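Protein chains in written order, with our numbering: chain A, 1 to 71; chain B, 72 to 204.
Every residue gets a Cβ at the ideal spot worked out from N, C-alpha and C, and that includes glycine.
As the structure is a prediction and not an experimental result, all values here were calculated from the model.
Working notes, beginning with the structure itself.
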Amino acid sequence: MDYLAILALVQKGITVAQALMEVSKDASPALTAIKNMLSGLPENDITDEQMLAVEELLDAQIAEFNLEIED
Amino acid sequence: MKKVLIACVLAFALTGCAGQFGKIQDVIAVTTTSVQNPVTKKSLYQFENAMVVAFVGLNSYKRACVAKAIPQSCKTTIAKLQVYTRKIPGVLRQVRAFVKNNDQVNAITAFNTAKALLAEFKSVAAANNVKVQ
Numbered sequence: 001m002d003y004l005a006i007l008a009l010v011q012k013g014i015t016v017a018q019a020l021m022e023v024s025k026d027a028s029p030a031l032t033a034i035k036n037m038l039s040g041l042p043e044n045d046i047t048d049e050q051m052l053a054v055e056e057l058l059d060a061q062i063a064e065f066n067l068e069i070e071d
Numbered sequence: 072m073k074k075v076l077i078a079c080v081l082a083f084a085l086t087g088c089a090g091q092f093g094k095i096q097d098v099i100a101v102t103t104t105s106v107q108n109p110v111t112k113k114s115l116y117q118f119e120n121a122m123v124v125a126f127v128g129l130n131s132y133k134r135a136c137v138a139k140a141i142p143q144s145c146k147t148t149i150a151k152l153q154v155y156t157r158k159i160p161g162v163l164r165q166v167r168a169f170v171k172n173n174d175q176v177n178a179i180t181a182f183n184t185a186k187a188l189l190a191e192f193k194s195v196a197a198a199n200n201v202k203v204q
């Protein structure tokens, strides 16, 4: 495993996360999803709670985008 | 308006920086490739997270559009994207149910349909300069 590459990835993630959170709470779903992708990949099983959390997150994002734009 | 612009710039920065997130990109590549293997909870979990990231980009674009911070041709672009995104909830409901019931034959079909929809709206987004990851 390339630990230096992982460290660089984490550092970059922290930098981006800080910048995003300073200006917009709207970035938090993306950050949560990125964190899930990084931490949810090992061989351990995904729990029902983890699954439900991402389902709710995704459903909310899709519902927002699918709403009509009001003029 | 300033806040919207900053959010858009940062959304773009996020997608740009994501280029360095090799691991994430690997996941996203996997989530847009058709599969014939069983759809596990883990693969569905990865896919749903990748979809969240994509939709955050779409919603940043939509918010900028609503705030009139970008050219109003964005409304046409959003309508084009919604042709695909409005099909996703139904397909997702199917995939989730099939995976929970371990109905692998139907799960694989529905999962590949969902992946195809993701690939299609990403393609439309890219063609219209909408940054989604």
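Item	Value
Straight-line CA distance for residue 66 of chain A to residue 108 of chain B?	31 Å
Do the CB positions of residue 129 of chain B and residue 170 of chain B come within less than 7 Å of each other?	no
In three-state terms, what does DSSP make of residue 175 of chain B?	helix
Just to confirm the assignment, what range does the alpha helix (DSSP H) spanning residue 131 of chain B have?	112–137
Starting from the C-beta of residue 61 of chain A, find all residues in its chain whose C-beta is less than 7 Å away, skip the five residues before and the five after it, and write them out in chain order.	29
Would residue 77 of chain A count as contacting chain B if we go by Cβ distances under 7 Å?	Residue 77 of chain A lies beyond the range of chain A shown here (1 to 71); nothing can be said about it.
Could you work out which residues of chain A lie near residue 173 of chain B, taking near to mean beta carbons separated by less than 8 Å?	Chain A residues near residue 173 of chain B: none, gap ~14 Å exceeds 8 Å.
Along the chain, where does the alpha helix (DSSP H) that runs through residue 46 of chain A open and close?	Per DSSP, residue 46 of chain A belongs to no alpha helix (DSSP H) and is neither H nor E.
Going by DSSP in three states, residue 144 of chain B sits in which element: helix, strand or coil?	coil
Which residues in the same chain have their Cβ closer than 7 Å to the Cβ of residue 165 of chain B, if we skip the five residues on either side of it in sequence?	181
To the nearest angstrom, report how far apart residue 50 of chain A and residue 125 of chain B are at their CA atoms.	19 Å
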